[in-house]
Structures are given as C-alpha cells and as structure tokens.
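**Q**
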Ligand code: ZN
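Residue numbers (this note's numbering): 24 to 311.
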C-alpha cells in the first residue's frame with residue numbers, strides 16, 4: 024500500500040479564509056487543475072464544517088485556485104490516493120483499502136463522492152460555487168451541490184466519462200441540473216458546454232468576465248449573509264426536499280448501481296476500472 028511519504032503533495036489541498044460573514048473555501052491543487060483526491064475531499068469537508076460551526080459566518084463561497092475550478096476526480100496525478108485509507112465520515116461503510124473485486128471501489132466512491140456530496144448539499148448555510156476554466160465530471164459534483172453557481176466567461180462544463188464506458192459521474196444529477204434534452208447532449212456527446220450555454224439552459228446563475236468573478240461572487244455571498252439565517256436554512260431545506268420529491272436522490276441512488284456495473288465491466292474486460300483512460304486521454308477527448 025502507498026504511504027503519505029511516497030506521495031509528495033504540493034501544500035495544503037484546501038485554503039480557508041474569512042471575509043466578514045463570508046467563508047472562502049478554495050480547492051488548492053492548481054498544478055493539477057484541482058483534481059480531487061481523498062486528501063483534498065477530506066480537507067474540503069473539514070473546511071465546510073468549520074464554516075458551518077463558526078457563528079460569524081453566514082455564507083460560503085467554494086472556488087478553485089489557478090485557471091480551473093476542477094478537472095474532476097484524480098485519475099492520474101502523483102498524489103492520487105485511491106488505495107489509501109481515510110477516516111469514514113460520510114457513510115456507514117467499512118474500510119475500502121485492500122478490498123478485492125468491485126467492493127473497494129464501490130465502498131470508496133460511496134463514502135468519498137456520494138456521501139460527502141450529500142452532506143455538502145445539506146449544509147445549513149448557503150453556498151456559492153465560483154467557477155472559472157474547467158469544471159469537468161467530479162468538478163460538476165462540487166458545483167452542483169452548491170446553492171448557486173457563478174461562472175466566468177471562460178468557464179466550461181463537461182461530463183466526458185462515457186469515454187470510459189461509464190454512464191455519467193457518480194452524482195447523477197444531470198437531468199435535474201439542466202433540461203433532460205440538454206442532459207442527454209452533455210452525456211451522450213461528452214462535449215464542453217461553455218458558460219454562456221450553461222447559463223442559457225439554467226445550470227448557472229450568472230456569467231461574468233473573468234476579472235469580475237471574485238467580486239461578483241463575493242457581492243452575492245454578502246447579500247445572502249444579510250438574509251435571516253434560520254429562514255434561509257429552511258428555504259434551502261425546502262428546495263432540497265422539493266428536488267428529492269421530484270426524484271433527485273432516487274435517481275442518484277439507482278444510477279450509482281449502473282455506474283458500478285460499468286466500473287466492474289471495465290475491470291473484467293479492459294486494463295482497469297477506468298477502461299485504461301488517464302488525464303491525458305480524457306483531456307484529448309474534450310478538445311475534439
Ligand atoms: Zn466511479
């Protein structure tokens with residue numbers, strides 16, 4: 024098994040700062056386009072819990088350092104830590120490390136991807152995703168669980184995992200985040216959706232010039248912070264419940280099985296559970 028010492032990292036994977044009543048939480052692996060490893064996701068969870076626990080904080084902005092919000096789950100950086108143990112905090116599963124067959128991947132992704140995303144969507148304080156550059160696959164999950172999304176003009180969104188033979192990223196919210204016809208287009212073609220189109224189809228709330236992204240997001244967060252806090256938390260819960268009654272959580276739960284059928288099919292028929300794809304081949308598919 025790999026150890027932390029064998030996987031040199033580039034500093035803190037998450038930055039946490041406060042600006043008045045607003046917590047600024049930043050994915051901080053810009054060298055790897057903020058690819059999400061377990062270390063980063065656990066640190067993100069800790070930062071979000073810190074923001075919720077601090078009574079002086081009323082709104083949370085989630086952004087990414089560098090030119091990109093997030094290129095998705097880590098499928099090939101030196102800090103990739105899929106075989107490394109981490110504390111169970113989001114689900115009731117046991118340890119994934121060292122489990123053979125489908126078990127390890129199923130348990131790991133249920134804990135680390137679905138479990139944490141469900142927690143973050145249910146945070147009682149309002150969240151805004153601040154998106155520039157790439158927001159791909161696992162990146163979508165982080166943006167989608169936020170209440171509002173502000174994108175810069177250079178941002179683009181994509182879920183290209185069908186290239187791996189997988190029917191969409193683990194948090195299968197696509198037909199709830201945009202009209203179902205557009206979700207089909209995003210998934211079946213695996214193309215980039217530019218920020219402007221994401222705005223037109225209702226997936227993001229604002230598109231602003233790159234130079235204005237920080238200020239526009241902060242202004243929106245300050246506005247949220249002025250709202251009655253408990254009422255806002257109740258409104259957020261009402262919206263989450265409405266989405267769930269429209270079938271969001273059931274859809275995610277049901278599709279998670281198909282997602283892992285695909286992982287297992289890949290493992291049985293190809294070189295690995297990702298069908299041999301890596302960051303380079305996936306990035307090349309998005310250029311087409
Ligand atoms: Zn997966």
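A virtual CB, placed ideally from N, CA and C, is assigned to each residue, including glycine.
A quick note: this is a predicted structure, and the numbers were derived from the prediction, not measured.
1. State the start and end residues of the unbroken alpha helix (DSSP H) segment that holds residue 246.
2. If you draw a straight line from the alpha carbon of residue 319 to that of residue 60, how long is it in whole angstroms?
3. As a quick exercise: from 143, 196, 260, 305, pick the residue whose alpha carbon is nearest that of residue 277.
4. Identify which residue in 222, 45, 167, 264 has its Cα closest to the Cα of residue 175.
5. Locate the beta strand (DSSP E) running through residue 158, then write down its first and last residues.
6. Assuming residue 279 is part of the beta strand (DSSP E), what are its boundary residues?
7. Tell me whether residue 68 sits in a helix, a strand or coil according to DSSP, three-state version.
8. Among 290, 194, 136, 300, which residue has its Cα nearest to the Cα of residue 274?
9. Go through the residues and name those whose CB comes closer than 6 Å to any heavy atom of the ligand ZN, in chain order.
10. In the DSSP assignment, the alpha helix (DSSP H) including residue 139 goes from what residue to what residue?
11. Considering residue 81, what are the terminal residues of the alpha helix (DSSP H) in which it resides?
12. Assuming contact is defined by CB atoms lying nearer than 9 Å, are residue 44 and residue 82 in contact in what I supplied?
13. Where does residue 101 sit, in a helix, a strand or coil, going by DSSP?
14. Measure the Cβ-Cβ separation of residue 50 and residue 92 and say whether it is below 9 Å.
**A** Looking at the atomic coordinates:
1. 236 to 248
2. Beyond the ends of the chain as shown, which are 24 and 311, falls residue 319; an answer cannot be given.
3. 196
4. 222
5. 157 to 159
6. From DSSP, residue 279 is part of no beta strand (DSSP E) but of the alpha helix (DSSP H) over 271 to 292.
7. helix
8. Out of 290, 194, 136, 300, 194 has the C-alpha closest to the C-alpha of residue 274.
9. 132, 193, 282, 286
10. 139 to 144
11. Premise fails: residue 81 is in no alpha helix (DSSP H) and is neither H nor E.
12. With respect to residue 82, residue 44 sits close: the two C-beta atoms are nearer than 9 Å.
13. coil
14. Cβ atoms of residue 50 and residue 92: closer than 9 Å.
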